[in-house]
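Novice: Have a look at the structure that comes next, please.
Residue numbers (the UniProt record's numbering), protein chains in the order written: chain U, 1 to 360; chain G, 1 to 360.
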């Protein structure tokens, strides 16, 4: 995960096998940085659509230095083995959601050239599928897991790291078994919970759904995803997933018992709040940025705080947190505005210019 | 739910009791349309913050025509009863998430003036709380449930309907018991599922969370909400909620059984997909708009479809759906672009101008 500021280098042509949402998006992102991309799909019309979108060419390559296998989980091991054999000097990666089972299948089959294979997994997708749902920016700022195994060659690992950088993703490296435990928790479990929530929308009067709000839409968005794909993912990662789901059932029983008895269930709700705080920032930030508080005197008059927000907004400095102190008996309040430390002076100047009294 | 194009009329001053997220947002939205708004909160600093934001004035009103009670669920009945007594000619509503229990409490206590009370519930909120999280646009395009009871006077009902219209919400009317069943399904169940998902983020290595993607963030967003508020909501609506949660437990057992046996679980996943399709459009649309397909010939060359998307995008007409037909053996594909029928001609003209061959 060490930052590397040099431009990514992808030597030679890339072959993408599988032109669905992820494969086509990889092609679009690579084409943008000038890589030579070739496209192949078991359904030729998908490859042609990807080509028409600008993700690369359906012309067969003469040579290949990197193969990206972007097929459904059930076919990954077979297609990776085929690619290693077809291109005996190329590095091969795949982008499937589960990493240990295909590696074990390849190893137990005695696949030759396994030192040229390393699995990877971009943590980006969509509830939509197919090439027309693809986007050249799908991976920007998203985590891209690369999962080295003991036998992988450094040169192969380097190529796949460069792939992740070239599409704008944030590189995260961990062993395949760790990866599968991690995605069971942060991806496969939420998928199941979203599905179970959406399933319960059946069975009530249709007009009840007129009360649907943004919370329901957010919780159920990913439940619209392709069931065939997800059956394969959940099956491939069933061992860690089942353990987590048993934990959910225990929590659910505890909650049901608490609600039925009219007992305090705040501890269950509180564990949920604490859980959301464990999720890192959206842009691959590894830790909370350093914040500085800017204090602003605010006349205790209607609309003054609104005016402060507008002025702060126009300064272009993002407000990370806010607190209001009312000093009882004084005609002025104090707003404490937390911003990233390196922007504090900029905010202070902008507010002072607009007539506010500020102090750090 | 009949549309009404006349401007909303809120006669006389409005008193908002409770200046948290929802109360303050009501004040901001009403202030925007010129209503006289007075603010009160058991914690006076909340009312002062709301005033500083421009949501109204903390000056006590001389007269009140509408009281909006925006306090936590446990206090609704008590505060509504107090408001009916304090303002003997005012209409009183509340904005709490559960509607039958406070009505029953008021009725069984023999509260005088109940014909001036009708409950309501805006389907809008945030995982953040307090007046500084408020927004004058919180209710725009959102459903606002109004829940008449048998004894309510027409004039009271009219006032509360006008309130919903004045803040830009879409009016939905249903009896209090129906409302509570509906929100158990579309709001309280998703809340619990979000909490249970976020709770499971504990217990794994912290670096696993580096793989968190947008799906996890969406599913767990509302789990960050105030546990004290949600304990009150879930407790107040426990009867329908418990029934739904038992159904979830059955579904979860079925899924666990299927995953452990390696059996097909696509039907469970498919029920989830179908469930998401039951949710109406974001802007209170009651039905799918009429669509027309525009067919466009696309040369089967790299980037042509991307160019078509850009040209279609620049036409300003929103693409509702898209399908590609590849006629094998011909050097041209056909893109079928579905748009709202009233915009089809506009898209056709724009594309023809840019050199595309189109037909309807």
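Note that the Cβ used here is the ideal one computed from N, Cα and C, for glycine as well.
(1) Let me confirm a value: residue 325 of chain U is counted as buried when at least 16 other C-beta atoms fall within 10 Å, else exposed. Which label applies?
(2) With burial defined as no fewer than 16 other Cβ atoms inside 10 Å of the residue's Cβ, what is the status of residue 361 of chain U: buried or exposed?
(3) Please list, in chain order, the residues of the region 193-207 of chain G that have any C-beta partner in chain U closer than 9 Å.
(4) If the cut is a Cβ gap below 8 Å, which residues of chain U does residue 260 of chain G touch?
(5) Can you pull the chain U residues whose beta carbon is under 9 Å from the beta carbon of residue 53 of chain G, in chain order?
(6) If residue 201 of chain U sits next to residue 279 of chain G, beta carbons under 8 Å apart, how far is it from one beta carbon to the other, in whole angstroms?
(7) For residue 36 of chain U, which residues in chain G fall below 8 Å Cβ to Cβ?
(8) Flag this pair as touching only if the region 130-137 of chain U and the region 38-51 of chain U have three or more C-beta atom pairs under 8 Å; answer yes or no.
(9) If you follow the alpha helix (DSSP H) that residue 119 of chain G is part of, which residue opens it and which one closes it?
(10) Would you kindly work out how many angstroms separate the C-alpha atoms of residue 20 of chain U and residue 95 of chain U, rounded to a whole number?
(11) For the beta strand (DSSP E) containing residue 148 of chain G, name the first residue and the last one.
(12) Could one say the Cβ of residue 180 of chain U lies closer than 8 Å to chain G's Cβ atoms, at least one of them?
(13) Can you tell which of G:70, G:65, G:16, G:178 has its C-alpha closest to the C-alpha of residue 51 of chain G?
(14) What residues of chain U sit near residue 158 of chain G, judged by a beta carbon separation below 8 Å?
(15) Please list the segments of the alpha helix (DSSP H) lying wholly inside the region 238-307 of chain U, counting only runs of 4 or more residues, in order along the chain.
(16) Does DSSP classify residue 2 of chain G as helix, strand or coil?
(17) Using beta carbons (cut-off 8 Å, strictly below), is residue 285 of chain G in contact with chain U?
(18) Quick one, are the C-beta atoms of residue 223 of chain G and residue 195 of chain G less than 8 Å apart?
(19) Using CA coordinates, which residue listed in G:25, G:30, G:36, G:169 is at the minimum distance from residue 13 of chain G?
(20) Put residue 338 of chain G into one of helix, strand or coil per three-state DSSP.
(21) Say whether the region 68-80 of chain U touches the region 226-234 of chain U, bearing in mind that this needs 3 or more beta-carbon pairs closer than 8 Å, one atom from each stretch.
(22) Residue 173 of chain U: buried (16+ other C-beta within 10 angstroms of its C-beta) or exposed?
(23) Which word fits residue 122 of chain U, buried or exposed, when buried means at least 16 other C-beta atoms lie within 10 angstroms of its C-beta?
(24) Output, in sequence order along the chain, the residues in the region 136-147 of chain U whose CB is closer than 8 Å to any CB in chain G.
(25) I need the straight-line Cα distance from residue 18 of chain G to residue 25 of chain G, nearest angstrom please.
(26) Terminal residues of the continuous alpha helix (DSSP H) containing residue 197 of chain G?
(27) In whole angstroms, give me the CA-to-CA distance for residue 87 of chain U and residue 350 of chain G.
(28) Just tell me which of U:179, U:251, U:142 has its CA closest to the CA of residue 207 of chain G.
(29) Do you know how far the Cα of residue 252 of chain G is from the Cα of residue 234 of chain U?
(30) Short of 7 Å in beta carbon distance, which residues of its chain neighbour residue 254 of chain G, apart from the five on each side in sequence? Order them along the chain.
(31) Give me the Cα-Cα distance between residue 354 of chain G and residue 225 of chain G, rounded to the nearest whole angstrom.
(32) Under the rule that 16 or more other beta-carbon atoms within 10 Å means buried, what is residue 108 of chain G, buried or exposed?
(33) Straight-line CA distance for residue 242 of chain G to residue 263 of chain U?
(34) So, is the C-beta of residue 134 of chain U closer than 8 Å to a C-beta in chain G?
(35) Using 8 Å as the limit for Cβ to Cβ distance, is residue 175 of chain G near chain U?
(36) Measure the C-alpha to C-alpha separation of residue 106 of chain U and residue 341 of chain U and round it to an integer number of angstroms.
Specialist: According to the structure data:
(1) exposed
(2) Nothing can be reported for residue 361 of chain U, as the shown portion of chain U is limited to 1 through 360.
(3) 193, 194, 195, 196, 197, 198, 199, 200, 201, 202, 203, 204, 205, 206, 207
(4) 238, 242
(5) 302, 303, 304, 305, 306, 309
(6) 7 Å
(7) What residue 36 of chain U touches in chain G: nothing, since even the nearest Cβ is about 11 Å away.
(8) yes
(9) Looking at the DSSP string, residue 119 of chain G is not in any alpha helix (DSSP H); the run it does join, the beta strand (DSSP E), is 119-122.
(10) 12 Å
(11) That residue, residue 148 of chain G, is in no beta strand (DSSP E); it is neither H nor E in DSSP.
(12) no
(13) G:16
(14) By Cβ distance, chain U contributes nothing, its closest Cβ being about 21 Å from residue 158 of chain G, past 8 Å.
(15) 238-261, 266-277
(16) Since pLDDT at residue 2 of chain G reaches only 44, below the 50 mark, its modelled position is unreliable, and no value is offered.
(17) Caution applies to residue 285 of chain G, whose pLDDT of 42 falls short of 50 and renders its modelled position unreliable; the value that the coordinates give is listed next. Answer no: the Cβ-Cβ gap between residue 285 of chain G and chain U never drops below 8 Å.
(18) yes
(19) G:36
(20) strand
(21) yes
(22) buried
(23) buried
(24) 142, 143, 145
(25) 11 Å
(26) 189-199
(27) 46 Å
(28) U:179
(29) 14 Å
(30) 268
(31) 50 Å
(32) exposed
(33) 14 Å
(34) no
(35) no
(36) 50 Å
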